[in-house]
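Chemist:
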Amino acid sequence: MPATISPETHPTILAFVDLPEGGLDDAGKGILSEASRLAGALQRGWGAICFGDAADLIFSEFAPYGASAVTVIESDVADFLEVQGKLLAAAVRDLGAKVLLLPHNDLGAALAPLVAAEIQGGIVTEAIAFERWEEGLKIRRPALGRQVAEARVWDGSVPLVLTMDTRVISAVVLPSMHRREPVVSVWSPEVLPGAAPTRIVERIPPDPQTVDVSEAEVIFAAGLGCNRQSFEQLQELARLLNVSLGVTRPVYDLGWTGFERMVGQTGRSVAPRFYLALGISGSMHHLGGIKDSKKIVAVNIDPKVPIFPNADEGFVADVSEVLPLLLKRVKSVMGGAA
Ligand SMILES: Cc1cc2nc3c(=O)[nH]c(=O)nc-3n(C[C@H](O)[C@H](O)[C@H](O)COP(=O)(O)OP(=O)(O)OC[C@H]3O[C@@H](n4cnc5c(N)ncnc54)[C@H](O)[C@@H]3O)c2cc1C
2 MPATISPETH PTILAFVDLP EGGLDDAGKG ILSEASRLAG ALQRGWGAIC
52 FGDAADLIFS EFAPYGASAV TVIESDVADF LEVQGKLLAA AVRDLGAKVL
102 LLPHNDLGAA LAPLVAAEIQ GGIVTEAIAF ERWEEGLKIR RPALGRQVAE
152 ARVWDGSVPL VLTMDTRVIS AVVLPSMHRR EPVVSVWSPE VLPGAAPTRI
202 VERIPPDPQT VDVSEAEVIF AAGLGCNRQS FEQLQELARL LNVSLGVTRP
252 VYDLGWTGFE RMVGQTGRSV APRFYLALGI SGSMHHLGGI KDSKKIVAVN
302 IDPKVPIFPN ADEGFVADVS EVLPLLLKRV KSVMGGAA
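Each residue of the sequence shown is one higher than the last, beginning at 2 in this note's numbering.
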């Protein structure tokens, strides 16, 4: 049975989670884990806040990421952005929260300025790192089209709305002995007066073939160990599996792709969930651009190349043998779809 919320007992850091399909997605799990870290840095309690119908939500999903309290905002008009902003702002005010943390995805990025304006608080967006600074925080974020990073300071005097770059957040699952079932509170506000002109009606995922490689979720990358035939097989594989293509500088120099596909120090920095490096030696200029990848798998004919100690999994193999086998396998699994 949900408890009634009370400002005295409620945490002062709130992590906003969107619940597509009623459950936590990667951004939700990641932001809960970041909230747990933030709470440690600020020595404050924290909890999650979300929209929905408490009866439909599975709260045990929150426990592995350390959420000990979940506030559910139940409202009939909560699918309108402006209303969501007002409701979240009202919750932040009522609960006396010091920080509202959101993932910098489409919803989080739209809600953050609405909430900050409503509560007259501070706002920092797309943070990539934070640390304690006196009574507040020192926050790093990219600036000037991601060419440089800047550090901003929040002194703790007014509430802060903070969005985190979804490419740097990752879920950290707590050992089972540290988990607790979260205390669930329901907040059902009166319908707020005022206009509700916009809402999200559809989410259209990016096309991996054309999306900026720095935003790509999965990247298959070719190095000089791929000859022209292997490169074309890799292109076909990437098309079939709907993943993005990346290349090293020497492959770009061959003119096989545009500059926007080049990964590394002079090319793009990437942070995909999965990076497959085929025939790539792993020079420091390339490794610098892929270090934030969640999982790196490398295939190289030479067991001594530096990509291997920097990869999560490595295979000593010839790409000209591996790629035809992979293609064959994918085509047979996809059957008619291929
Ligand atoms: C200032 C500066 C900036 C740079 N910026 C970038 C950058 O942004 N991005 C970038 O990528 N590079 C950059 N470079 C270049 C970088 O130093 C390396 O030269 C480059 O990354 C190497 O690319 P590679 O791994 O494709 O080629 P190589 O180093 O030549 O490696 C090819 C690999 O393929 C393997 N191989 C060969 N045949 C096969 C086979 N049949 N099957 C499997 N494996 C095989 C080999 O064992 C080898 O390890 C920069 C250099 C400088 C000086």
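No residue lacks a Cβ here, since even glycine has one placed at the ideal position from N, Cα and C.
Excluding five sequence neighbours on each side, which residues of the same chain lie with their C-beta closer than 6 Å to the C-beta of ALA111?
Modeler: Against the sequence shown, residue 111 aligns to sequence position 110. The residues are LEU82.
Chemist: Exposed or buried, which one is ALA118 when buried takes at least 16 other CB atoms within 10 Å?
Modeler: Residue 118 sits at position 117 when you count from the first residue of the sequence shown. Label assigned to ALA118: exposed.
Chemist: Between the stretch 237 to 247 and the stretch 262 to 280, do three or more beta carbon pairs fall short of 8 Å?
Modeler: yes
Chemist: Over what stretch of residues does the beta strand (DSSP E) that includes VAL212 continue unbroken?
Modeler: Here the question's residue 212 lines up with position 211 in the sequence shown. Looking at the DSSP string, VAL212 is not in any beta strand (DSSP E), and its letter there is neither H nor E.
Chemist: Under 9 Å, do ARG133 and ARG142 count as touching if we go by C-beta distance?
Modeler: The residue you call residue 133 lines up with position 132 of the sequence shown. The residue you call residue 142 lines up with position 141 of the sequence shown. Result no, Cβ atoms of ARG133 and ARG142 do not sit closer than 9 Å.
Chemist: Under 8 Å from any heavy atom of ligand 1, does the C-beta of ASP319 make it?
Modeler: If you number the sequence shown from 1, residue 319 lands on position 318. Proximity of the beta carbon of ASP319 to ligand 1 is indicated: a heavy atom of the ligand is located closer than 8 Å.
Chemist: Would you say the beta carbon of HIS286 comes nearer than 8 Å to a heavy atom of ligand 1?
Modeler: Position 285 of the sequence shown, counting from 1, holds the residue named residue 286. Answer for HIS286: yes, Cβ within range of ligand 1.
Chemist: Nearest-angstrom Cα distance between ASP27 and ILE170?
Modeler: Residue numbering aside, residue 27 sits at position 26 when the sequence shown is read from its first letter. Residue numbering aside, residue 170 sits at position 169 when the sequence shown is read from its first letter. Each residue's Cα considered, the two are about 9 Å apart.
Chemist: Is the beta carbon of SER231 less than 9 Å from the beta carbon of ALA223?
Modeler: Your numbering for residue 231 matches position 230 in the sequence shown. Your numbering for residue 223 matches position 222 in the sequence shown. Contact: yes.
Chemist: Along the beta strand (DSSP E) that carries THR133, what are the first and last residues, could you check?
Modeler: Sequence index remark: in the sequence shown, residue 133 carries index 132 (1-based). Looking at the sequence provided, one finds Arg at residue 133 rather than Thr. Element bounds for ARG133: 130 to 134.
Chemist: Please list the segments of the alpha helix (DSSP H) lying wholly inside the stretch 226 to 264, counting only runs of 4 or more residues, in order along the chain.
Modeler: 229 to 242, 250 to 254
Chemist: Following a CB-centred definition, is LEU308 positioned closer than 8 Å to any heavy atom of ligand 1?
Modeler: Translated into the one-based positions of the sequence shown, residue 308 becomes position 307. Here residue 308 turns out to be Ile, not Leu, going by the sequence shown. Result yes, Cβ under 8 Å from ligand 1.
Chemist: Would you identify the three-state DSSP class for ARG38, choosing helix, strand or coil?
Modeler: On the sequence shown, position 37 is the one that residue 38 refers to. It is helical.
Chemist: Does the Cβ of ARG250 lie closer than 8 Å to at least one heavy atom of ligand 1?
Modeler: On the sequence shown, position 249 is the one that residue 250 refers to. Yes, the beta carbon of ARG250 sits closer than 8 Å to at least one heavy atom of ligand 1.
Chemist: Indicate, with yes or no, if ligand 1 has a heavy atom lying under 8 Å from the CB of ASN301.
Modeler: As a first step, residue 301 must be located in the sequence shown, where it is residue number 300. It does: the Cβ of ASN301 is within 8 Å (strictly closer) of some heavy atom of ligand 1.
Chemist: State the Cα-Cα distance for the pair VAL248 and ALA55, rounded to the nearest angstrom.
Modeler: Stepping through the sequence shown from its first residue, residue 248 is reached at position 247. Stepping through the sequence shown from its first residue, residue 55 is reached at position 54. So the two alpha carbons sit approximately 47 Å from each other.
Chemist: With C-beta atoms as the reference, is ILE14 less than 9 Å away from LEU39?
Modeler: Mapped onto the sequence shown, residue 14 falls at position 13. Mapped onto the sequence shown, residue 39 falls at position 38. Yes, the Cβ-Cβ distance between ILE14 and LEU39 is below 9 Å.
Chemist: For ILE220, does the count of other Cβ atoms within 10 angstroms reach 16, so buried, or fall short, so exposed?
Modeler: Sequence index remark: in the sequence shown, residue 220 carries index 219 (1-based). It is buried - the Cβ of ILE220 has at least 16 other Cβ atoms within 10 Å.
Chemist: Would the stretch 254 to 261 count as touching the stretch 293 to 304 if we require 3 or more Cβ pairs under 8 Å?
Modeler: Because the criterion of three Cβ pairs below 8 Å is not met, the stretch 254 to 261 and the stretch 293 to 304 do not touch.
Chemist: Starting from PRO139, trace the beta strand (DSSP E) both ways and give me its first and last residue.
Modeler: Start at 1 with the first residue of the sequence shown, and residue 139 comes out as number 138. The sequence as given places Lys at residue 139; Pro does not occur at that position. From DSSP, the beta strand (DSSP E) with LYS139 extends over 137 to 144.
Chemist: Could you check the C-alpha separation between ILE59 and ALA312 for me, to the nearest Å?
Modeler: Along the sequence shown, read from residue 1 onward, the residue named residue 59 stands at position 58. Along the sequence shown, read from residue 1 onward, the residue named residue 312 stands at position 311. Straight-line spacing of the CA atoms in ILE59 and ALA312 works out to 36 Å.
Chemist: At which residues does the alpha helix (DSSP H) containing ARG94 begin and terminate?
Modeler: Position 93 of the sequence shown, counted from the first residue, corresponds to residue 94. Taken as a continuous stretch (DSSP letters only), the alpha helix (DSSP H) holding ARG94 covers 82 to 96.
Chemist: Can you check which of these residues, SER284, VAL125, VAL264, GLY23, is closest to ASP213 by C-alpha distance?
Modeler: Taking the sequence shown and counting its residues from 1, the one referred to as residue 213 is at position 212. Out of SER284, VAL125, VAL264, GLY23, VAL264 has the C-alpha closest to the C-alpha of ASP213.
Chemist: Suppose the cutoff is 6 Å on Cβ atoms and the five residues either side in sequence are ignored; what does the same chain contact list for GLY157 look like?
Modeler: By one-based count along the sequence shown, residue 157 stands at place 156. Closer than 6 Å at the Cβ level, and outside the excluded window around GLY157, lie GLU136, GLY137.
Chemist: Go through its chain and collect everything with a Cβ distance to VAL116's Cβ below 7 Å, but skip five positions before and after it.
Modeler: Position 115 of the sequence shown, counted from the first residue, corresponds to residue 116. Only GLY86, LEU89, ALA90, VAL93, LEU101, VAL162 meet the Cβ criterion.
Chemist: Are the beta-carbon atoms of ALA25 and PHE52 separated by less than 9 Å?
Modeler: Taking the first residue of the sequence shown as 1, we reach residue 25 at position 24. Taking the first residue of the sequence shown as 1, we reach residue 52 at position 51. Sequence check: residue 25 is Leu here, not Ala. It is not a contact, given that the beta carbons lie outside the stated cut-off.
Chemist: Does the distance between the C-beta of VAL264 and the nearest non-hydrogen atom of ligand 1 fall short of 8 Å?
Modeler: In the sequence shown, counting from the first residue as 1, residue 264 sits at position 263. Yes, since a heavy atom of ligand 1 falls inside the 8 Å radius drawn around the Cβ of VAL264.
Chemist: Is the beta carbon of LEU279 within less than 8 Å of some heavy atom of ligand 1?
Modeler: Here residue 279 is taken as the residue at index 278 of the sequence shown, counted from 1. For ligand 1, at least one heavy atom lies less than 8 Å from the Cβ of LEU279.
Chemist: Looking only at its own chain, which residues have a Cβ that is under 8 Å from the Cβ of GLU237, when we skip the five neighbours before and after it?
Modeler: Counting from one through the sequence shown, the residue named residue 237 turns up at place 236. Within the same chain, GLU237 has close Cβ partners LEU328.
Chemist: Residues in its own chain within less than 6 Å of GLY315 by CB, not counting five upstream and five downstream?
Modeler: Position 314 of the sequence shown, counted from the start, is the residue given in the question as residue 315. Only ALA299, PHE309 meet the Cβ criterion.
Chemist: For GLU35, which residues from the same chain have a beta carbon less than 6 Å from its beta carbon, with the 5 sequence-adjacent residues on both sides left out?
Modeler: The residue you call residue 35 lines up with position 34 of the sequence shown. Here the set comprises MET165, ILE170.
Chemist: Is the beta carbon of ALA68 less than 9 Å from the beta carbon of ALA16?
Modeler: The residue you call residue 68 lines up with position 67 of the sequence shown. The residue you call residue 16 lines up with position 15 of the sequence shown. Yes. Within cutoff.
Chemist: Give the single residue among GLY109, VAL125, ARG204 whose Cα lies nearest to the Cα of THR167.
Modeler: In the sequence shown, counting from the first residue as 1, residue 167 sits at position 166. Here the closest residue by C-alpha is GLY109.
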